[in-house]
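Protein sequence lines, in the order shown, are assigned to chains A and B. According to the numbering used here, the residues represented by the first sequence are 1 to 433, in order. According to the numbering used here, the residues represented by the second sequence are 434 to 682, in order. Glycine is no exception: its CB is placed at the ideal position from the N, C-alpha and C atoms.
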Amino acid sequence: MSEDVRIKVEHLTRVEGHGNIVLNSKNGRVEEVQWQVSEAPRFFEAMVVERDYSELSIITSRICGICSIAHAFASLKATESAMGVKISDQTLMLRKLALHGENIQSHILHVGYLVAPDLFGVGSVFPLINTSKEAVVKIVKVHRLANEMCDLICGRTTHPITTVVGGFTKIPTKKELIDLKARIENTIKTAGDVVDIVLANVDKLPKFTRETEYIGLTCDDEYALYDGVVGSTDTGKHEVNEYESITNEWVVPHSTAKYAKHNRESYMVGALARFNLNSAKLSPLAKEVADKFGLKTLCYNPFMNSVAQLVEIVHNMEDSIRIIDELLNRGLEKEKIKIGVKAGHGIGGVEAPRGILFHDYTYDKNGKCVKANCVIPTNQNHANIQKDMELLAPMLLTNEKTEKEIELNLEMLVRAYDPCISCSTHYLNVKFV
Amino acid sequence: MKPRVAFFDFASCEGCQLQVINLEESILDLVEIVDVVSFREAMKEHSDEYDIAFIEGSIARPMDEERLKGIREKARILVALGACACIGGVNSLRNQFSVEEVKKMVYADTDVRNNPYFDAFPLKAVDEVVKVDYYIHGCPIDRDEFGKVVTALVLGKKPEIPNYPVCVECKKKGNVCVFEEGKFCLGPVTRAGCNARCPTSGAGCEGCRGLLDDPNTDSELEVLQKYGLTLQDALDKFKLFCYKSKVKK
Numbered sequence: 001m002s003e004d005v006r007i008k009v010e011h012l013t014r015v016e017g018h019g020n021i022v023l024n025s026k027n028g029r030v031e032e033v034q035w036q037v038s039e040a041p042r043f044f045e046a047m048v049v050e051r052d053y054s055e056l057s058i059i060t061s062r063i064c065g066i067c068s069i070a071h072a073f074a075s076l077k078a079t080e081s082a083m084g085v086k087i088s089d090q091t092l093m094l095r096k097l098a099l100h101g102e103n104i105q106s107h108i109l110h111v112g113y114l115v116a117p118d119l120f121g122v123g124s125v126f127p128l129i130n131t132s133k134e135a136v137v138k139i140v141k142v143h144r145l146a147n148e149m150c151d152l153i154c155g156r157t158t159h160p161i162t163t164v165v166g167g168f169t170k171i172p173t174k175k176e177l178i179d180l181k182a183r184i185e186n187t188i189k190t191a192g193d194v195v196d197i198v199l200a201n202v203d204k205l206p207k208f209t210r211e212t213e214y215i216g217l218t219c220d221d222e223y224a225l226y227d228g229v230v231g232s233t234d235t236g237k238h239e240v241n242e243y244e245s246i247t248n249e250w251v252v253p254h255s256t257a258k259y260a261k262h263n264r265e266s267y268m269v270g271a272l273a274r275f276n277l278n279s280a281k282l283s284p285l286a287k288e289v290a291d292k293f294g295l296k297t298l299c300y301n302p303f304m305n306s307v308a309q310l311v312e313i314v315h316n317m318e319d320s321i322r323i324i325d326e327l328l329n330r331g332l333e334k335e336k337i338k339i340g341v342k343a344g345h346g347i348g349g350v351e352a353p354r355g356i357l358f359h360d361y362t363y364d365k366n367g368k369c370v371k372a373n374c375v376i377p378t379n380q381n382h383a384n385i386q387k388d389m390e391l392l393a394p395m396l397l398t399n400e401k402t403e404k405e406i407e408l409n410l411e412m413l414v415r416a417y418d419p420c421i422s423c424s425t426h427y428l429n430v431k432f433v
Numbered sequence: 434m435k436p437r438v439a440f441f442d443f444a445s446c447e448g449c450q451l452q453v454i455n456l457e458e459s460i461l462d463l464v465e466i467v468d469v470v471s472f473r474e475a476m477k478e479h480s481d482e483y484d485i486a487f488i489e490g491s492i493a494r495p496m497d498e499e500r501l502k503g504i505r506e507k508a509r510i511l512v513a514l515g516a517c518a519c520i521g522g523v524n525s526l527r528n529q530f531s532v533e534e535v536k537k538m539v540y541a542d543t544d545v546r547n548n549p550y551f552d553a554f555p556l557k558a559v560d561e562v563v564k565v566d567y568y569i570h571g572c573p574i575d576r577d578e579f580g581k582v583v584t585a586l587v588l589g590k591k592p593e594i595p596n597y598p599v600c601v602e603c604k605k606k607g608n609v610c611v612f613e614e615g616k617f618c619l620g621p622v623t624r625a626g627c628n629a630r631c632p633t634s635g636a637g638c639e640g641c642r643g644l645l646d647d648p649n650t651d652s653e654l655e656v657l658q659k660y661g662l663t664l665q666d667a668l669d670k671f672k673l674f675c676y677k678s679k680v681k682k
């Protein structure tokens, strides 16, 4: 379009946290295009200093309401590594199960409540309650199951209670796990229906590609979520302990969140990155879902992140059934936790729903935190969102789109990343001592 | 006409608004009795005309303070949603340092002066800026309690917020006292309403719902002494969610 465009989306909706989109063009040429993060900084680094090791996961899970379990686990892994605490196989399996629950919860929230309105051409899920009630009820059913999983394993859906350094304060009973398994089996079909609903509207997702680097956990024996080394589609494998040389964070003036870059000027983390790195290790049904959408590695279309999330939802469910079977076979045992408090430094890396997450703590001999650093998935995506926008905006301007359509496409781009902006302005990354 | 309801968030994890979404099928009932006119996390539409405003998060900057005052002017009823809004929550842990110290720790060499996004002051709870009509406590809020408060407000009644300790709910559930297991618990002085969720999950109460209006500090001291703990232990623990609360004695 040849007219001048002035777009300012202040406080973008249907994303977690506060961000703005700015696009100014003159005679069809982009003068300014920017993804801005205006969220209030929260200064988590000041919150954790001098706090006891047992409180770190309680405080840092509050970085994010949607992925509080992933934060708790990255935190516990860092603390356990610092103090040389080994966890049991049972604890490992229960943590993996909880992480599956949270991944489903976060992904269905994003695809069902935040992205779907764009596919149906409405402003929120509320009008869909009247026009497409059946679809909404299916989305709610998957969401409910995910929350029940987190409730059962963690004592609460948001901000886990039972997950502590070294293990769990309470574990589910055999009967509870058998019930959960039945409910997951019963809901896999519903998840398949949600897949079909999105599939029927997938043409609404823009066909846009930009080559970039994808980073996420990877390991040989499973689709990595809880454990693994850092994988890059550009540079191969790296140790988790080298995370700072991968994330390379810096501050920009128009954002209260930091930016990150590795091999190129930006990289992407999250479901699409994990799919691009690890798709061969997906469960059989999840692979079928990917095939339905024609999703193949390497996919360079950021809008397909929502599709990769659907693929993961099915994988999370199938793998949860496998884990529950294994737990039931072994038998559940109440375990005693013993921690030998000592000074140390540890790094924990897990896959949060939105991508790879690192916590890095240093403790003194009394177990008080003296230094902390967290690198958040959305921080790692901000630069990639900006670079996508710089390529997408001129395309939209030449494609005879109205200002409204251009605005919607830019909004959809940011939403596709499922940004968690409160997370990304946590600011836990400055050195103490 | 159905009451018009709006949700707003400030410095927080947005986990309390998430609990509203986590009402699952009950959301369908909720939209039968209220009109949700603004909920940025979930909807694109926005209206400045609302009766009830729910505020999540604590207040960190002058620009946030102005925004909150604007909301107060428009809302007939203003409800603080969750620990960050009600008592400062974990956010207020940073108030142990001065703003200058905190900024220096965080931004180091980057010049953030004259940038309103970074213009933080010591963190405030919502009622340190505007009048709050009702409080829904907790980190995060309890979704059933949220449902009860909304129902009361729609019926024009005053929502009942418990003013008795977590121990009452914990005993009702028949839990073994977590002090017996060698764990620390703030249940004796913390406001109930969570159905003793943490002790029921084998962990001590962290005080996320804040102090009771008149906490029985004598009985807390008694409990602490019984298990060989000191008042300082309790005060340190209480800082997690209510850094500014003054516990007498």
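Check the Cβ-Cβ distances between residue i and every residue of chain A, and say whether any is below 7 Å.
| i | result |
| --- | --- |
| B/Ala558 | no |
| B/Arg527 | yes |
| B/Gly635 | yes |
| B/Val467 | no |
| B/Cys638 | no |
| B/Tyr550 | yes |
| B/Lys681 | Low per-residue confidence applies at B/Lys681: pLDDT is 36, beneath 50, and the placement is therefore not dependable enough to give any value. |
| B/Val535 | yes |
| B/Pro436 | no |
| B/Asn608 | no |
| B/Val523 | yes |
Are any of the Cβ atoms in chain B nearer than 7 Å to that of residue i?
| i | result |
| --- | --- |
| A/Arg274 | no |
| A/Phe43 | yes |
| A/Lys181 | no |
| A/Lys77 | no |
| A/Met317 | no |
| A/Ser279 | no |
| A/Glu16 | yes |
| A/Lys129 | Rather than Lys, the amino acid found at residue 129 of chain A in this sequence is Ile. It does: the Cβ of A/Ile129 has a partner Cβ on chain B nearer than 7 Å. |
Using 8 Å for Cβ pairs, my map puts residue i next to residue j. What's the rounded Cβ distance?
| i | j | result |
| --- | --- | --- |
| A/Val142 | A/Ile184 | A/Val142 to A/Ile184, Cβ: 10 Å. No contact. |
| A/Thr162 | A/Lys170 | 5 Å |
| A/Ile63 | A/Cys374 | 7 Å |
| A/Thr187 | A/Met317 | 7 Å |
| A/Pro172 | A/Leu152 | 5 Å |
| A/Asp118 | A/Lys204 | 7 Å |
| A/Ser106 | A/Pro353 | 4 Å |
Here's the rule I'm using: 16 or more other beta-carbon atoms within 10 Å means buried, otherwise exposed. How should residue i be labelled?
| i | result |
| --- | --- |
| B/Tyr597 | exposed |
| B/Phe554 | exposed |
| A/Arg182 | Checking the displayed sequence, the identity of residue 182 of chain A turns out to be Ala instead of Arg. By the neighbour-count rule (16 or more Cβ atoms within 10 Å), A/Ala182 is not buried but exposed. |
| B/Met476 | buried |
| A/Val433 | Since pLDDT at A/Val433 reaches only 24, below the 50 mark, its modelled position is unreliable, and the value read off the structure follows with that caveat. Classification of A/Val433: exposed, given that the 10 Å Cβ count is below 16. |
| A/Lys431 | Bear in mind that a pLDDT of 29 at A/Lys431, under 50, signals an unreliable position, so the model cannot answer this. |
| B/Leu588 | exposed |
| B/Glu458 | exposed |
| A/Ala10 | Correcting the residue identity first, residue 10 of chain A is Glu in this sequence and not Ala. It counts as exposed. |
| A/Val312 | The sequence given here places Glu at residue 312 of chain A; Val does not occur at that position. Looking at its Cβ environment, which holds 16 or more other Cβ atoms inside 10 Å, A/Glu312 is buried. |
| B/Met496 | exposed |
| A/Thr218 | buried |
With C-beta atoms as the reference, is residue i less than 7 Å away from residue j?
| i | j | result |
| --- | --- | --- |
| A/Lys292 | A/Leu199 | yes |
| B/Ala444 | A/Arg42 | yes |
| B/Ser491 | B/Asn524 | yes |
| B/Tyr567 | B/Phe612 | no |
| A/Ala40 | B/Ala516 | no |
| A/Gly216 | A/Val269 | yes |
| B/Ile454 | B/Leu514 | no |
| B/Ala629 | B/Lys606 | yes |
| B/Leu451 | A/Gly346 | no |
| B/Leu673 | B/Glu639 | yes |
| B/Ala486 | B/Leu511 | yes |
At a cut-off of 6 Å, is residue i close to the ligand MG when judged by its beta-carbon and the heavy atoms of the ligand?
| i | result |
| --- | --- |
| A/Val202 | The model on display carries no ligand, and the ligand MG is accordingly not part of it. |
Anything in the stretch 472–504 of chain B with a Cβ closer than 7 Å to a Cβ of chain A? List those residues in chain order, please. Close to chain A, meaning a Cβ-Cβ distance shorter than 7 Å, are the following residues of the stretch 472–504 of chain B: Arg473, Glu474, Ala475, Met476, Lys477, Glu478, Ala493, Arg494, Asp497.
Identify each residue in the stretch 444–460 of chain B for which the Cβ-Cβ distance to at least one residue of chain A is less than 8 Å, and report them in chain order. Contacts with chain A (Cβ-Cβ distance below 8 Å) from the stretch 444–460 of chain B involve Ala444, Ser445, Cys446, Glu447, Gly448, Cys449, Gln450, Leu451, Gln452, Ile454, Asn455, Glu457, Glu458, Ile460, listed in chain order.
When Cβ atoms are compared, which residues of the stretch 107–127 of chain A fall closer than 8 Å to chain B? Against chain B - using a Cβ distance shorter than 8 Å - the residues of the stretch 107–127 of chain A are Leu109, Tyr113, Leu114, Pro117, Gly123, Ser124, Val125, Phe126.
Select from the stretch 572–599 of chain B all residues with a C-beta closer than 8 Å to any C-beta belonging to chain A, and list them in chain order. Answer in chain order: Cys572, Pro573.
The stretch 44–62 of chain A: positions lying closer than 7 Å to chain B by Cβ: Here the close residues are Glu45, Ala46, Met47, Glu55, Ile58, Ile59, Arg62.
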